Amino acid sequence: AQSVTQLGSHVSVSEGALVLLRCNYSSSVPPYLFWYVQYPNQGLQLLLKYTSAATLVKGINGFEAEFKKSETSFHLTKPSAHMSDAAEYFCAARLDTGRRALTFGSGTRLQVQP
Amino acid sequence: GAGVSQSPSNKVTEKGKDVELRCDPISGHTALYWYRQSLGQGLEFLIYFQGNSAPDKSGLPSDRFSAERTGGSVSTLTIQRTQQEDSAVYLCASSFMASGGNWNEQFFGPGTRLTVL
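So the sequence lines, in the order shown, correspond to chains L and Y. First residue of the first sequence: -6, per the working numbering; consecutive thereafter. First residue of the second sequence: 215, per the working numbering; consecutive thereafter.
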């Protein structure tokens, strides 16, 4: 079945440490892939997107993600975590060319320790 | 307005009552989506409106759920005879009309938190 899987519902890092949030997908067609961030009591904000151009995608707030077709992955990284990065992160994909709706992963809550 | 707005921000209702949730998309956006975010879970697609085309209702979980979009702008999601499992945050998103194979970013509203007692 076509799906999006995020490994780790909670990730905790120290301020200044590398952030790595994992996302894998299953799709029968070339996917469009996205990372969204959700701060408490707010809607989702797009961090970055992959739509079949460059495989290394840079987004806002210093985040980037790399599309690896062979691994069906689209992991999100940031070299140095900041306290303000604490939020919930969702990986999403358009897995069906006939539908515009996105399929979301279950989310990863990022904690940043001082 | 500057972004997608939703009302109410919070709704508490009793089991068996009907509720209406409103979404006001970004002006000019012709595509509108409803998603549901249950506790500890990701977002679940409910329904999608694109211009004057028939809506994609494939994500609606039961016939108690319905939605309409009047005048190609504001949308209302209605849940009849609410159940406790309907408790969730209901998110609305809008985007420009996507043509051909192009994909346009979905902008999300802050959501409506529904609690069914």
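Backbone N, C-alpha and C define an ideal beta-carbon position, used for all residues, glycine too. All values derive from a computational prediction rather than experimental measurement.
| Query | Result |
| --- | --- |
| Interface flag, L/Arg15 vs chain Y, CB-CB below 8 Å | no |
| C-alpha gap between Y/Ile240 and Y/Arg283, whole angstroms | 14 Å |
| Cβ separation of L/Ala58 and L/Thr70, assumed to be a contact under 8 Å, to the nearest whole Å | 7 Å |
| Length of the line joining the Cα atoms of L/Asp89 and L/Leu103 | 29 Å |
| Among Y/Glu258, Y/Thr296 and Y/Ala216, nearest to Y/His243 - alpha-carbon criterion | Y/Ala216 |
| Sheet register partners of Y/Ser280 (DSSP bridge) | Y/Thr292 |
| Counterpart residues of L/His68 in DSSP-defined beta bridges | L/Glu59 |
| Span of the beta strand (DSSP E), counted from its first residue to its last, around Y/Ile261 | Leu257 to Gln264 |
| Reduced DSSP secondary structure (H/G/I, E/B, other) of Y/Gln298 | helix |
| Y/Asp270 - DSSP class collapsed to helix/strand/coil | strand |
| First and last residue of the uninterrupted beta strand (DSSP E) at L/Arg102 | Thr101 to Gln106 |
| Whole runs of the beta strand (DSSP E) within the stretch 16 to 55 of chain L, excluding any shorter than 3 residues | 25 to 31, 37 to 43 and 49 to 51 |
| Between the CA atoms of Y/Ser276 and Y/Thr296 - distance to the nearest angstrom | 11 Å |
| Neighbour flag for L/Ala47 against chain Y, beta carbons, 8 Å | no |
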